[in-house]
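Listed in order, the protein sequences are those of chains W and D.
All the letters of the first sequence, read from the start, carry residue numbers 0 to 274 under numbering that gives the first Met the number 0.
All the letters of the second sequence, read from the start, carry residue numbers 0 to 328 under numbering that gives the first Met the number 0.
Inspection log for the structure reproduced underneath, given as structure tokens.
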Amino acid sequence: MTAVTTVTAVTGVVEPTEQPSDRLFHAVADTITIAQRNLITLRRVPQLLIFSTIQPVIFVLLFRYVFGGAIHVPNVPYVDFLMPGVFAQTVAFGAMNTAIGLAADVNTGLIERFRSLAMARSAVLAGRTLADAVRNVLVVALMATVGFAVGFRVHTNALSLLAALALLVLFGYALSWVFAAVGLAVGQPETAQAAAFPVMAPLVFASSAFVPVSTMPGWLQPFAEHQPLSVVVSASRDLVLGGPTATHVLQALAWCAVILAVAAPLAVRRYRRAA
Amino acid sequence: MNDRDLAPAIVVEGLRKRFGDVVALDGIDLEVPAGTVLGLLGPNGAGKTTTVRVLTTTVRPDAGHASVLGVDVMRHPAAVRARIGLAGQFAAVDDNLTGRENLRMVAQLAHLPRPGIAARATELLERFDLVDAADRPVRTYSGGMRRRLDLAAALVHRPPVLFLDEPTTGLDPQSRSGVWELIGELVDDGATVLLTTQYLEEADRLAHRIVVVDDGRVIAEGTATELKSRFGSTVIEVGFSSAAGALRAHAVLARLAVREPEQSDSTLRVPVADGPRALMDALRALDNGGLAPTTLVVREPSLDDVFLTLTGRRAESAEPAPETTRGAA
Chain W
0 MTAVTTVTAV
10 TGVVEPTEQP
20 SDRLFHAVAD
30 TITIAQRNLI
40 TLRRVPQLLI
50 FSTIQPVIFV
60 LLFRYVFGGA
70 IHVPNVPYVD
80 FLMPGVFAQT
90 VAFGAMNTAI
100 GLAADVNTGL
110 IERFRSLAMA
120 RSAVLAGRTL
130 ADAVRNVLVV
140 ALMATVGFAV
150 GFRVHTNALS
160 LLAALALLVL
170 FGYALSWVFA
180 AVGLAVGQPE
190 TAQAAAFPVM
200 APLVFASSAF
210 VPVSTMPGWL
220 QPFAEHQPLS
230 VVVSASRDLV
240 LGGPTATHVL
250 QALAWCAVIL
260 AVAAPLAVRR
270 YRRAA
Chain D
0 MNDRDLAPAI
10 VVEGLRKRFG
20 DVVALDGIDL
30 EVPAGTVLGL
40 LGPNGAGKTT
50 TVRVLTTTVR
60 PDAGHASVLG
70 VDVMRHPAAV
80 RARIGLAGQF
90 AAVDDNLTGR
100 ENLRMVAQLA
110 HLPRPGIAAR
120 ATELLERFDL
130 VDAADRPVRT
140 YSGGMRRRLD
150 LAAALVHRPP
160 VLFLDEPTTG
170 LDPQSRSGVW
180 ELIGELVDDG
190 ATVLLTTQYL
200 EEADRLAHRI
210 VVVDDGRVIA
220 EGTATELKSR
230 FGSTVIEVGF
240 SSAAGALRAH
250 AVLARLAVRE
260 PEQSDSTLRV
270 PVADGPRALM
280 DALRALDNGG
290 LAPTTLVVRE
300 PSLDDVFLTL
310 TGRRAESAEP
320 APETTRGAA
């Protein structure tokens, strides 16, 4: 499984003898190496995880006990309506970490080192987004626990809840690629954070995450109804509250696919030119 | 010696690159024979880092050719990457990983056989005097330790060609000489090194040959000795008890000078061509003129003079330019 490249020094002719299977093996191994590296950071600086859950926890408390009483949702207790929205908000804001992390790597010159190594070129982004997905799994699990503590109940079954959480993590993964491109483009962690927020805010707040879309002004409703975060929230609600699930889930999966298909090539292009 | 030893390890021909309106490289040519150190000397923004980035395959030039060990940098970047090590200006190591974890990560990414990775990391930590700090996160390291780790990371996969981009910038003198010693050892082991620096002393001490670049062009090259004798001059420095004494000495010694002598207060600096000969003439002229200096110093030509002669600037006070602004490209 070694990559051998035969070179004739005089003519400069290179005959790559690396098999496609070796290439795939290296791409996977390098991706895991990078993901491990980013997860070590998570373990060593747990504040990163804690701080990124404080904000959604505050939102849960705020909407559950302060604003929630004023928000009327037909047929379900507000906390059950709220939690899928909070999950989506959490993974969406969590995706900003991808931008901040990659911008920091550009800034310290680590990306330059990676690009000068004979590693798989896809691995830096694939590893980073994989680590962020693992992180999102932890964060979503934590938020679900918080939800149960404040009275959130699943109306369907455990499997549907898992499916909803998996969909949310997938959505976070797709957004990570968007923010990978942003982080590489700006190259400064502080700028990355500042640049990510205005993109994120309308996605999170002009959505069905906290209030029913029907309460919004007419001009906003079409956007708020069909934008990706709302669709993902609707699909998650269908899964945990019951009712027909297929339409929203398929739409949510389609959104994830579209976001990935657009953002991943952009991020890869940015990576090639970064630093 | 076979053909490979005779062929230059690094060849750069007519390299051009612009970033927007900024011309970073304006036709750079250079060669580095295998097993030697080339010092790329120049002020910030001269094109040193861009040259390194082309050779390490992270920037594509607009025109020109570059090859490492006979492998074309543009056509076979992956093959080049397997043969080079890079230590940049920024000590590119992960702050949250330990020194050992950083080296293991680079070893894995360079596709070293897994069983040898732990031993290789330990070997490098020992060699770079990082054993005590090996299992501490890098954010607890001093600047010198970070730089040593960065250098170790560049060597993990035993690359035959090394690019060191300002390896001691920002280090205190003691750490700097520590890094110099390590680079010296690498060269003794047969590595080919391209070293960029703003420090003349560094080039003087480490480089077999020096290429001076400014504004993206090569403006001089040769050994340190050659450059000094071509562009530098011995300086006779005489001090008097008063400015009037220095002024009178100026009149007497001007004919010996290769350039206009510099006078500051009661001290006169006379650049001369042939040091010993000129010194004898100078002493005789001063004696005949009845002038007795209070101090007398003869300074050998330095690369500092070379730089001043060639660029009209002092090397270390040069203006920062776009090259150092990360992300500008």
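Just so you know, even glycine gets a beta-carbon here, dropped at the ideal spot from N, CA and C.
Less than 8 Å between C-beta atoms, sequence neighbours within five positions excluded: which residues of the same chain meet that for residue i?
i	result
ARG52 of chain D	VAL58
LEU111 of chain D	ARG119, VAL155 and HIS156
Report back the beta-carbon spacing between residue i and residue j to the nearest angstrom; my notes put them in contact at under 8 Å.
i	j	result
MET199 of chain W	PHE92 of chain W	6 Å
LEU229 of chain D	GLY288 of chain D	Looking at the sequence shown, residue 229 of chain D is not Leu but Arg. Actually they do not touch by this definition, with Cβ atoms about 32 Å apart.
LEU124 of chain W	ALA179 of chain W	5 Å
ALA117 of chain W	ARG80 of chain D	4 Å
VAL181 of chain W	ALA193 of chain W	About 11 Å separates the two Cβ atoms, so there is no contact after all.
ASN101 of chain D	LEU148 of chain D	6 Å
VAL192 of chain D	LEU161 of chain D	5 Å
ILE182 of chain D	LEU40 of chain D	Not quite, the Cβ-Cβ distance comes to about 15 Å (not below 8 Å), so this is no contact.
PHE89 of chain D	THR107 of chain W	6 Å
THR310 of chain D	PRO42 of chain D	7 Å
LEU170 of chain D	GLY143 of chain D	6 Å
ALA45 of chain D	LEU14 of chain D	With a Cβ gap of about 13 Å, ALA45 of chain D and LEU14 of chain D do not count as contacting.
Can you check DSSP and say which residues form a bridge with residue i?
i	result
GLY34 of chain D	None, per the DSSP bridge assignment.
LEU202 of chain W	According to DSSP, which records beta bridges pairwise, LEU202 of chain W is partnered with nothing at all.
GLY221 of chain D	D:ILE209
THR233 of chain D	D:VAL271
PHE162 of chain D	D:LEU85 and D:LEU193
GLN262 of chain D	D:LEU267
ARG298 of chain D	D:VAL234
HIS64 of chain D	D:GLU12
ILE182 of chain D	Answer is none; ILE182 of chain D lacks a bridge partner.
Can you find a C-beta in chain D that's less than 8 Å from the C-beta of residue i?
i	result
ARG134 of chain W	no
GLY100 of chain W	no
LEU109 of chain W	yes
LEU116 of chain W	yes
ILE39 of chain W	yes
ASP131 of chain W	no
ARG269 of chain W	no
THR4 of chain W	With a pLDDT of only 46 at THR4 of chain W, under 50, the local geometry of the prediction cannot be trusted, and the value read off the model is given with reservation. THR4 of chain W counts as touching chain D.
ALA125 of chain W	no
VAL27 of chain W	no
VAL248 of chain W	no
ARG22 of chain W	no
VAL168 of chain W	no
GLY30 of chain W	The sequence given here places Thr at residue 30 of chain W; Gly does not occur at that position. Cβ-Cβ to chain D under 8 Å: no for THR30 of chain W.
ARG152 of chain W	no
VAL181 of chain W	no
VAL59 of chain W	no
Ordered along the chain, which non-local residues of its own chain (more than five positions away) have a Cβ less than 7 Å from that of residue i?
i	result
PRO83 of chain W	ALA163, VAL232, SER235, ARG236 and VAL239
LEU38 of chain W	ALA130 and VAL133
PRO158 of chain D	ARG82, ILE83 and GLY84
ARG268 of chain D	VAL234, GLU236, PRO260 and GLU261
GLU165 of chain D	GLN88, THR195, THR196 and GLN197
ARG17 of chain D	ALA23 and ASP61
VAL136 of chain W	VAL168
THR128 of chain W	THR97, TYR172, SER175, TRP176 and ALA179
Would you say residue i faces chain W, with C-beta separation under 8 Å as the test?
i	result
ASN95 of chain D	yes
HIS110 of chain D	yes
GLY87 of chain D	yes
ALA91 of chain D	yes
ILE116 of chain D	no
ILE83 of chain D	yes
THR55 of chain D	yes
VAL234 of chain D	no
ALA77 of chain D	yes
VAL178 of chain D	no
PRO136 of chain D	yes
ARG145 of chain D	no
MET341 of chain D	One cannot answer for residue 341 of chain D here, as it falls past the ends of chain D, which runs 0 to 328.
Should residue i be counted as a contact of the ligand SAH given a C-beta to heavy atom distance under 7 Å?
i	result
ALA194 of chain W	No copy of the ligand SAH occurs in the structure displayed, which carries no ligand at all.
Grab me the residues of residue i's own chain with a C-beta within less than 6 Å of its C-beta, minus the 5 sequence neighbours each way, in chain order.
i	result
GLY146 of chain W	MET82
ALA275 of chain W	This structure does not reach residue 275 of chain W, given that chain W is present from 0 up to 274, and the question cannot be answered.
SER240 of chain D	THR293
Practice task
Assess, as a yes-or-no matter, whether the stretch 29-45 of chain W is touched by the stretch 93-109 of chain D under the definition of 3 or more beta carbon pairs within less than 8 Å.
Solution key: yes
Exercise for the section: Kindly confirm or deny that the stretch 296-311 of chain D and the stretch 219-239 of chain D touch, where touching means at least three C-beta pairs closer than 8 Å. Expected result: yes
Handout entry: Inter-stretch contact (C-beta, 8 Å, three-pair minimum) for the stretch 218-232 of chain W and the stretch 87-102 of chain W
Key = yes
Exercise for the section: Take every Cβ of the stretch 60-80 of chain W, pair it with every Cβ of the stretch 168-176 of chain W, and state whether three or more of those distances are shorter than 8 Å. Expected result: no
Practice task
Would you be able to state if there are at least three C-beta pairs under 8 Å between the stretch 117-126 of chain D and the stretch 173-180 of chain D?
Solution key: no
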